[in-house]
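S.K.:
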Amino acid sequence: MTEDADVAQARALRAELRRHAWDLASRLARVESLPDATAWSERARSMRRRARELRRDLDEARFLIDQLHARFPSIDAAGASADTPSY
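Here the sequence shown stands for residues 29 to 115, where the numbers follow my numbering.
#1: For R80, is the classification buried or exposed, using 16 other Cβ atoms within 10 angstroms of its Cβ as the cut-off for buried?
#2: Which whole runs of the alpha helix (DSSP H) in the stretch 55 to 108 are 4 residues long or more, in chain order?
#3: Using the three-state DSSP reduction, which class does E44 fall into: helix, strand or coil?
#4: Give the C-beta separation of D85 and L52 to the nearest angstrom, bearing in mind that I take them to be a contact with Cβ-Cβ under 8 Å.
#5: Can you list, in chain order, the residues of its chain whose CB lies under 7 Å from that of R42, leaving out five sequence neighbours each side?
#6: Hey, would you say R83 sits closer than 8 Å to A49, going by beta carbons?
#7: Going by beta carbon distance, what residues of the same chain come within less than 8 Å of A108, once the five residues before and after it are set aside?
#8: Take F100 and list the residues in its own chain whose beta-carbon comes closer than 6 Å to its own, dropping the five residues that flank it on each side.
#9: Near M29, which residues of its chain fall below 8 Å by C-beta distance, leaving aside the five closest residues on each side in sequence?
Dropping the structure here:
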């Protein structure tokens, strides 16, 4: 059985969004683990701002993944592990 083009595209987009979310989560963890993250210096404020931006982007990626799942429930039927990051 051949896969519908829309489903194939949704699966590919989901794979990229998952990779992007994985990257954002890794970067966020690094920023939050820095020792200055709770200080009140300009550098600390900048780091907190960056963490806030990363959290927002991560939330958006997760939202888009959820929307793909809602629109194309069949993308979960097969290939779920094929689009997970292999880091």
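Every residue, glycine too, gets a C-beta built ideally from N, C-alpha and C.
M.R.: In short, the structure shows the following:
#1: exposed
#2: Those alpha helix (DSSP H) runs which fall completely within the stretch 55 to 108 and span 4+ residues are 70 to 99.
#3: helix
#4: 5 Å
#5: I93, L96, I103, D111
#6: no
#7: Only weak support exists for where A108 lies, its pLDDT of 49 falling under 50; the value from the coordinates is given anyway. Taken in chain order, the list of residues that qualify is empty.
#8: A distance below 6 Å between beta-carbons, with the five flanking residues on each side excluded, links F100 to the following residues of its chain, in chain order: V35, A38.
#9: Residue placement at M29 is poorly supported in this model, since its pLDDT is 49, which falls under 50; the coordinates are not used for a value here.
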